[in-house]
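J.:
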Amino acid sequence: MMINLFTRFAKASHLALPGCLLLAALANPSQAVVYQAESYTNFFDTTAGNTGGAFRNDAVDIEATTDSGGGFNVGWIEPNEWLVYGGLSIPTSGSYTIRMRVASPSGATAAVDLNGGSIQLGDFAIPATGGWQNWTTVSRTVNINAGTYNLGVFAKTTGWNFNWIEVVANGGGGNTTGLLTVYEHCNYGGWFRGFNTGSFDGNVMTSMGARNDAISSVKVAAGYEAVLFDNWDYSGASVVVSGDNTCLSNFNDRTSSIIVRPATNTGTGFAAVVSETQFNQMFPGRNSFYTYAGLVAASKTYPAFAGTGDLAAKKREAAAALANFSHETGGLVYVTEIAQGEYCGDWDNNPSTCPCAPGKRYFGRGPIQLSWNGNYCAAGTALGLDLRANPDLVSQNATVAWQTALWFWMTQSGAGYRPAHDSMVGGFGFGETIRTINGSLECNGGNPAQVQSRINEYNRFLNILGTSAGPGNLGC
């Protein structure tokens, strides 16, 4: 069966009517033209009747597909059969990518052409996918002159099923942007397509020129955010993105539906980087003591926290700090250390510098588990609080608890080479924040399982914030 098709919609519905002559135009080069396999305008089939018994009553064999989005596929394909898809309009001469959605138990070969074979666009090697309904997408980059064509798909061998074919321009002028602009590749490469406010399920998203499971970077206008969903109907995993995201490393090539809306985190500082919704998603089982409002208030004491660099850098620092705080407290569950010792000792070998207050104990409290009398004195001095006399304030006031954690994060080298904040904004990487907090107890092979636990939380939070790990080492 030979098929002239153009377009890839992995999760699009099959809307074309049988026998309808399609005039499919690339209105601008960022759009994709998609033909479902069963929506041909002409065909040649070597056997009589529709073996699959679905959709149409001519000789082409069509069956229901289990590929994403449902619909139908053409099957029982034999050598020299072909399908034609009419009215492909190419507005601008240039480079285009053709993608075909195919399945084959053992591998096969198809060819694509224009105008009955007068313009050959090359062979497509179809890999062995392991089953008739195990689908993959094959692609080829070609040059096409401006004009209107019939698109054909030709079966060079037997043994494959066909779901859809897509043609899309590779960059070039005329691409549109919007409040949300999505890009095919990281660092804003490949095709791109703009969206304004609204909801765009898989069918609408792809009909507007974005491709299913093929978005790698985004730009979002100030004051707006986009919710990217794993499934075509706004379900499954999702991520909220804002600003410029050079590479959706934890959501790369996964977007199947989109919502664009005014930003819910319209505050300044930390509140402009992490919304309360995202915070709640990070810590679904947290202790009610650890409030988002308390963290926002505490962050104003250190405006450089999650406030340095571009938006991606700010998100990385927020994710890194919250990942370490999560690890130290079992997911923001523990407000105080379980083993509540006295933790009173000489500070710089000079007890008079920070003597322990009578009857007070300086065990771990708060998101970073502030410990020892010397640290309570230093943090209290920096924050204008008498934490030597009242260490319990760290476990009684959420804002103070967050302030002590940010004091350590922003100003203390701990067991490392520099404060954790400096490691993140200086490009040294997440691993160096672990060294600052726990040094050789975890780093340099001290406890790799604990290091990996922190890394796992960091990656999870990056995913929620819609950005990537960036430069530097994850481990230490």
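Sequential numbering of the sequence shown, starting at 4, is according to the numbering used here. Even glycine gets a Cβ: it sits at the ideal position worked out from N, Cα and C. Since the structure is predicted, the reported quantities are computational estimates derived from the model, not experimental observations.
Quick check: the Cα distance between A149 and N190, rounded to an integer number of angstroms?
T.: Translated into the one-based positions of the sequence shown, residue 149 becomes position 146. Translated into the one-based positions of the sequence shown, residue 190 becomes position 187. The straight-line gap from Cα to Cα measures roughly 29 Å.
J.: My assumption, with CB atoms under 8 Å, is that T44 sits in contact with V87. Please give the rounded CB distance.
T.: What you label residue 44 is simply residue 41 of the sequence shown in a count that begins at 1. What you label residue 87 is simply residue 84 of the sequence shown in a count that begins at 1. The Cβ separation is near 6 Å, so the contact holds.
J.: Buried or exposed: which applies to P422, given that a residue is buried once 16 or more other Cβ atoms fall within 10 Å of its Cβ?
T.: Mapped onto the sequence shown, residue 422 falls at position 419. Buried is the call here.
J.: Below 8 Å on the Cβ atoms is my guess for G89 versus N173; work out the distance and round it to an integer in Å.
T.: Here residue 89 refers to the residue found at position 86 when the sequence shown is read from its first residue. Here residue 173 refers to the residue found at position 170 when the sequence shown is read from its first residue. About 24 Å separates the two Cβ atoms, so there is no contact after all.
J.: Please classify Y88: does DSSP put it in a helix, a strand, or coil?
T.: As a first step, residue 88 must be located in the sequence shown, where it is residue number 85. Strand.
J.: Taking contact to mean at least 3 C-beta pairs separated by less than 8 Å, is the region 386-395 in contact with the region 359-370?
T.: yes
J.: Are the CB atoms of A111 and T49 within a distance shorter than 8 Å?
T.: Numbered from 1 along the sequence shown, position 46 holds the residue referred to as residue 49. Numbered from 1 along the sequence shown, position 108 holds the residue referred to as residue 111. At a Cβ-Cβ threshold of 8 Å, T49 and A111 do not count as neighbours.
J.: For W138, list the residues DSSP reports as bridge partners.
T.: What you label residue 138 is simply residue 135 of the sequence shown in a count that begins at 1. A106, per the DSSP bridge assignment.
J.: With distances taken Cα to Cα, identify the nearest neighbour of Q123 among P108, A106, T144 and Q136.
T.: Taking the first residue of the sequence shown as position 1, residue 123 is located at position 120. Nearest of P108, A106, T144 and Q136 to Q123, Cα basis: T144.
J.: Starting from the C-beta of G475, find all residues in its chain whose C-beta is less than 6 Å away, skip the five residues before and the five after it, and write them out in chain order.
T.: Here residue 475 is taken as the residue at index 472 of the sequence shown, counted from 1. Answer for G475: G430, F431 and G432, listed in chain order.
J.: Are the Cβ atoms of K159 and A114 separated by less than 8 Å?
T.: As a working note, residue 159 is residue 156 in the sequence shown. As a working note, residue 114 is residue 111 in the sequence shown. Cβ distance < 8 Å, so K159 and A114 count as in contact.
J.: Which residues bound the beta strand (DSSP E) around V156?
T.: Residue 156 sits at position 153 when you count from the first residue of the sequence shown. Counting along the chain, the beta strand (DSSP E) containing V156 begins and ends at G150 to A158.
J.: Put D216 into one of helix, strand or coil per three-state DSSP.
T.: Taking the sequence shown and counting its residues from 1, one reaches residue 216 at position 213. D216 carries a coil assignment under DSSP once its states are collapsed to helix, strand and coil.
J.: Does DSSP classify D425 as helix, strand or coil?
T.: Residue numbering aside, residue 425 sits at position 422 when the sequence shown is read from its first letter. Note: D425 maps to helix in three-state DSSP.
J.: Going by alpha carbons, who is nearest to E84 out of N53, F47 and L91?
T.: For this step, residue 84 is matched to residue 81 along the sequence shown. With distances taken between Cα atoms, E84 lies closest to F47.
J.: Could you give the DSSP three-state label for L388: helix, strand or coil?
T.: Position 385 of the sequence shown holds residue 388. The three-state reading of DSSP puts L388 in coil, since its state is none of H, G, I, E or B.
J.: Which ranges does the beta strand (DSSP E) cover as unbroken runs of at least 3 residues, wholly within the region 197-262, from first to last along the chain?
T.: Here the runs fully enclosed are 201-203, 220-223, 227-232 and 241-244.
J.: Unbroken beta strand (DSSP E) runs of length 3 or more, entirely within the region 50-85: which are they?
T.: Entirely contained in the region 50-85, the beta strand (DSSP E) runs reaching 3 residues are, in chain order, 65-67 and 75-77.
J.: Does the beta-carbon of N60 have 16 or more other beta-carbons within 10 angstroms, so that it is buried, or is it exposed?
T.: For the purposes of this step, residue 60 is taken as residue 57 along the sequence shown, with counting starting at 1. N60 comes out exposed.
J.: Going straight from the alpha carbon of G367 to that of K222, what length do you get?
T.: Start at 1 with the first residue of the sequence shown, and residue 367 comes out as number 364. Start at 1 with the first residue of the sequence shown, and residue 222 comes out as number 219. Cα-Cα distance, rounded: 42 Å.
J.: Near G288, which residues of its chain fall below 8 Å by C-beta distance, leaving aside the five closest residues on each side in sequence?
T.: Start at 1 with the first residue of the sequence shown, and residue 288 comes out as number 285. These residues qualify, in order along the chain: G334 and V336.
J.: For C479, which of S471, G449, F464 and A472 has the nearest alpha-carbon?
T.: In the sequence shown, residue 479 corresponds to position 476, counting from 1. The shortest Cα separation from C479 among S471, G449, F464 and A472 belongs to G449.
J.: Check whether the region 193-209 and the region 270-280 are in contact - that is, three or more C-beta pairs closer than 8 Å.
T.: no
J.: Is it right to say T192 is buried, meaning 16 or more other beta carbons lie within 10 angstroms of its own, or is it exposed?
T.: Within the sequence shown, numbered from 1, the residue matching residue 192 stands at position 189. According to the sequence shown, residue 192 is Gly rather than Thr. Exposed, because fewer than 16 other Cβ atoms sit within 10 Å of the Cβ of G192.
J.: Short of 7 Å in beta carbon distance, which residues of its chain neighbour N248, apart from the five on each side in sequence? Order them along the chain.
T.: Sequence index remark: in the sequence shown, residue 248 carries index 245 (1-based). Taking C-beta separations shorter than 7 Å and ignoring five residues to either side along the sequence, the partners of N248 in its chain run S220, V221, A315, G469 and T470, following chain order.
J.: Is S252 near the ligand FAD, going by C-beta to nearest heavy atom under 7 Å?
T.: Ligands in the displayed structure: none, and consequently the ligand FAD is not present.
J.: Given this structure, state the Cα-to-Cα distance separating G226 from R364, to the nearest angstrom.
T.: Along the sequence shown, one-based indexing puts residue 226 at 223. Along the sequence shown, one-based indexing puts residue 364 at 361. Taking the straight line from one Cα to the other gives about 46 Å.
J.: Should Y38 be labelled buried (16 or more other beta-carbon atoms within 10 Å of its own) or exposed?
T.: Numbered from its first residue, the sequence shown carries residue 38 at position 35. Its Cβ being crowded by 16 or more others within 10 Å, Y38 is buried.
J.: Does the separation of the CB atoms of T140 and R104 fall below 8 Å?
T.: The residue given as residue 140 occupies position 137 in the sequence shown. The residue given as residue 104 occupies position 101 in the sequence shown. A contact, by the Cβ cut-off of 8 Å.
J.: Looking at D216 and F157, is the spacing between their C-beta atoms short of 8 Å?
T.: The residue labelled residue 157 in the question sits at position 154 within the sequence shown. The residue labelled residue 216 in the question sits at position 213 within the sequence shown. Against a cut-off of 8 Å, the Cβ pair of D216 and F157 comes out as no contact.
J.: Just to confirm my understanding: we take P265, look at its own chain, exclude 5 residues before and 5 after, and list those with CB closer than 7 Å. What are they?
T.: Your numbering for residue 265 matches position 262 in the sequence shown. Sequence-distant Cβ neighbours of P265 in its own chain, meaning closer than 7 Å and more than five residues away, are G226 and Y227.
J.: How long is the line joining the alpha carbons of A452 and W135, rounded to whole angstroms?
T.: Position 449 of the sequence shown, counted from the first residue, corresponds to residue 452. Position 132 of the sequence shown, counted from the first residue, corresponds to residue 135. Using only the alpha carbons, I get a separation of about 42 Å.
J.: On the DSSP bridge list, what partners appear for S98?
T.: Sequence index remark: in the sequence shown, residue 98 carries index 95 (1-based). In DSSP, S98 forms a bridge with N146.
J.: Assuming E435 contacts G417 under a Cβ cut-off of 8 Å, what Cβ separation, rounded to an integer in Å, is found between them?
T.: Here residue 435 refers to the residue found at position 432 when the sequence shown is read from its first residue. Here residue 417 refers to the residue found at position 414 when the sequence shown is read from its first residue. About 11 Å separates the two Cβ atoms, so there is no contact after all.
J.: Between L409 and F308, is the Cβ-Cβ spacing less than 8 Å?
T.: To locate residue 409, count along the sequence shown from 1; it is residue 406. To locate residue 308, count along the sequence shown from 1; it is residue 305. Yes, the pair counts as a contact, with Cβ atoms nearer than the cut-off.
J.: For A382, collect the residues of the same chain with a Cβ closer than 7 Å to its Cβ; drop the 5 residues on either side in sequence, then sort them by chain order.
T.: Taking the first residue of the sequence shown as 1, we reach residue 382 at position 379. Correct list, in chain order: L373, L390, T407 and W410.
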